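Colleague: In the order they appear, the protein sequences are chains A and B.
First residue of the first sequence: 6, per the working numbering; consecutive thereafter.
First residue of the second sequence: 924, per the working numbering; consecutive thereafter.
The C-beta atom is built at its ideal place from N, Cα and C for all residues, glycine as well.
Values in this document were obtained by computation on a predicted structure and should not be read as measured data.
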Amino acid sequence: KQEVTQIPAALSVPEGENLVLNCSFTDSAIYNLQWFRQDPGKGLTSLLLIQSSQREQTSGRLNASLDKSSGRSTLYIAASQPGDSATYLCAAASGNTPLVFGKGTRLSVIA
Amino acid sequence: NAGVTQTPKFRILKIGQSMTLQCTQDMNHNYMYWYRQDPGMGLKLIYYSVGAGITDKGEVPNGYNVSRSTTEDFPLRLELAAPSQTSVYFCASSYRTGADQPQHFGDGTRLSIL
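1. Less than 7 Å between CB atoms is the rule here; does tyrosine 970(B) satisfy it with respect to chain A?
2. According to the Cβ coordinates, are aspartate 961(B) and tyrosine 971(B) closer than 7 Å?
3. Closest to glycine 1029(B) by CA distance: which of Val983(B), Cys946(B) and Asn951(B) is it?
4. Using a Cβ-Cβ cut-off of 7 Å, state whether glycine 986(B) counts as contacting chain A.
5. Grab the span of the beta strand (DSSP E) containing methionine 942(B) for me, first residue to last.
6. Which residues mark the beginning and the end of the beta strand (DSSP E) in which threonine 1009(B) is found?
7. Could you name the residues of the same chain whose beta carbon sits closer than 8 Å to that of serine 33(A), not counting the 5 residues immediately before and after it, in chain order?
8. From the DSSP output, in three-state form, read off proline 87(A) for me.
9. Kindly list the residues whose CB is nearer than 6 Å to the CB of leucine 966(B), restricted to its own chain and excluding five residues on each side of it in sequence; keep chain order.
10. Less than 7 Å separating the beta-carbons of methionine 942(B) and leucine 1001(B)?
11. Would you call the CB atoms of serine 51(A) and proline 931(B) closer than 7 Å?
12. Looking at the secondary structure, which residues open and close the beta strand (DSSP E) in which asparagine 68(A) lies?
13. Going along the chain, which residues of its own chain have a beta-carbon closer than 6 Å to the beta-carbon of glycine 939(B), five neighbours each way excluded?
14. Quick check on the DSSP output: the beta strand (DSSP E) that includes isoleucine 969(B) runs from which residue to which?
15. If you run the structure through DSSP and keep just helix, strand and coil, what is phenylalanine 41(A)?
16. Just the Cα atoms here: how many angstroms apart are valine 1011(B) and glutamine 11(A)?
17. Taking C-alpha atoms, which residue in Phe106(A), Ser113(A), Gly65(A) and Ser85(A) lies nearest to serine 29(A)?
Written out as structure tokens, the structure is:
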């Protein structure tokens, strides 16, 4: 059974810092790894999707990497801004089974 | 574009009451999902559907029922509300499952059972 873990649970950084969020999964036979953003009181917004054949995906200041052999993915945020404050969740898709989510990392960027 | 729409946004129920959470999507997605999110936890899958007329259980289906009569709609029904069902419920959809399809989420229904 796939299990997804995110560390740290919460993170506070000053504006302008580069930061890394970590995600680990137990079953390396995944189809894709997705990163989502959740703002308070809102649903999830898909940020990046990395297919199993890919090593990384980039969108603006965000870069997500995938290492299936070690069961790890990272989300790198460059030059963080207060508007980046949110909870970030990763989720792994295996075969035709639905996504398995981590508990998320709550990020606060302080101006 | 509306995307995934959930109604109501908030609801308070008494123990033993029943209700239906509505979800509709306008993206012609085949796959639809219901999750619940408890404080400090990730999302847990309740039920999902791969197309009209087809539904399947997720990780936490007990106490819930679903139906999928059209591509657009995927309602979630609570028959006998219990305090353990207090949660935030999210509906999501995707064109298909697989390697390259992200899920699109609604804004959630916040449900309290008292």
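Modeller: If we stick to the structure as given:
1. With a threshold of 7 Å between beta carbons, tyrosine 970(B) makes no contact with chain A.
2. Against a cut-off of 7 Å, the Cβ pair of tyrosine 971(B) and aspartate 961(B) comes out as no contact.
3. When only C-alpha atoms are compared, the closest one is Cys946(B).
4. No, no contact with chain A.
5. That run of the beta strand (DSSP E) goes 942 to 948.
6. For threonine 1009(B), no beta strand (DSSP E) segment is defined, and its DSSP state is neither H nor E.
7. Within the same chain, Cβ atoms closer than 8 Å to the Cβ of serine 33(A) are found at Lys73, Ser74 and Gly76, the five residues on either side in sequence being excluded.
8. In the structure shown, proline 87(A) falls within a helical segment according to DSSP collapsed to helix, strand and coil.
9. Within the same chain, Tyr958 and Gln960 come within 6 Å of leucine 966(B) by CB-CB distance, once the 5 residues on both sides are set aside.
10. Remark: C-beta atoms of methionine 942(B) and leucine 1001(B) approach each other more closely than 7 Å.
11. Contact: no.
12. Per DSSP, asparagine 68(A) belongs to the beta strand (DSSP E) from 67 to 72.
13. Cβ neighbours of glycine 939(B) beyond the five flanking positions: Leu1003.
14. Element bounds for isoleucine 969(B): 966 to 974.
15. Note: phenylalanine 41(A) maps to strand in three-state DSSP.
16. Computed Cα separation, rounded: 21 Å.
17. Of Phe106(A), Ser113(A), Gly65(A) and Ser85(A), the smallest CA-CA separation from serine 29(A) is found for Phe106(A).
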